[in-house]
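Under the numbering used here, the first residue of the sequence shown carries the number 0, and numbering increases by one thereafter.
What follows is a single structure, written as structure tokens, with notes after it.
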Amino acid sequence: MTEYWDIYNKNGKKKYKVVKKGSPLLSGEYHIIVEGWIRTGKETYLIQKRSKRKKSFGGMWYCSVGGSVISGEEPIDGLLRETKEELGIDLDRDKIYLKRIIRENSGIFYIYLIDMNVNLEDVKLQEEEVEDAKIASVDEIFRMIDEGILLNLSYYRDFFNSAEKLIEAKK
């Protein structure tokens, strides 16, 4: 099935234009991408290894779940869909917290923290997208970044520094 993206301006306002997923965007055009970090315990997170067949960052470790929001979806719905597709996990909306929104290149990234216990035995990988998954501590995540095997995005340090505080404040 062909997927389509809604196009937004730099401020996140929908431009009422739709393009086929992967189409080059014009200057000033953006699409929405979601990234979710599933916190499985104090300073531990589910991470995934992207399939080697993926064009972008194939074979690299990455956050718990990520992907493009398709036309007609809200970012949170894209996160729910991507998590179900890639990991076979149904998220509880009450455990999802929007941590930040970042504009980078042609993407507007909605970064979510999900506070949820996950057993690896319950994870069902979508083989076209995900090669492996594991639970990693924050220290291990940063070691993997240093080794060049986990994507290193600019927001990670601030994200992890504030994640535990956010969870405690919500309890």
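All C-beta atoms, glycine included, are put in the ideal place defined by N, C-alpha and C.
Following the continuous beta strand (DSSP E) through residue i, name the residue where it begins and the one where it ends.
{"i": "TYR29", "result": "No beta strand (DSSP E) holds TYR29; DSSP gives it neither H nor E."}
{"i": "SER67", "result": "64 to 67"}
Does the beta carbon of residue i sit closer than 7 angstroms to a beta carbon anywhere in chain B?
{"i": "ASP121", "result": "No chain B is part of this structure, which consists of one protein chain only."}
Residue i by DSSP, collapsed to three states: which one?
{"i": "ARG38", "result": "strand"}
Select from the options the residue whose C-alpha is nearest the C-alpha of residue i.
{"i": "VAL137", "options": "LEU25, LEU45, PRO23, VAL33", "result": "LEU45"}
{"i": "PHE108", "options": "MET0, ARG52, GLU2, GLY11", "result": "GLY11"}
{"i": "GLU139", "options": "GLU73, HIS30, TRP60, GLY21", "result": "TRP60"}
What are the residues that DSSP puts in a beta bridge with residue i?
{"i": "ILE46", "result": "LYS133"}
{"i": "TYR3", "result": "LYS19"}
{"i": "LYS13", "result": "TYR7"}
Within the region 84 to 170, note down every full beta strand (DSSP E) run reaching 3 residues or more, in order along the chain.
For the beta strand (DSSP E) assignment, the uninterrupted runs of no fewer than 3 residues enclosed by the region 84 to 170 are, from N- to C-terminal side, 95 to 103, 106 to 114, 129 to 136.
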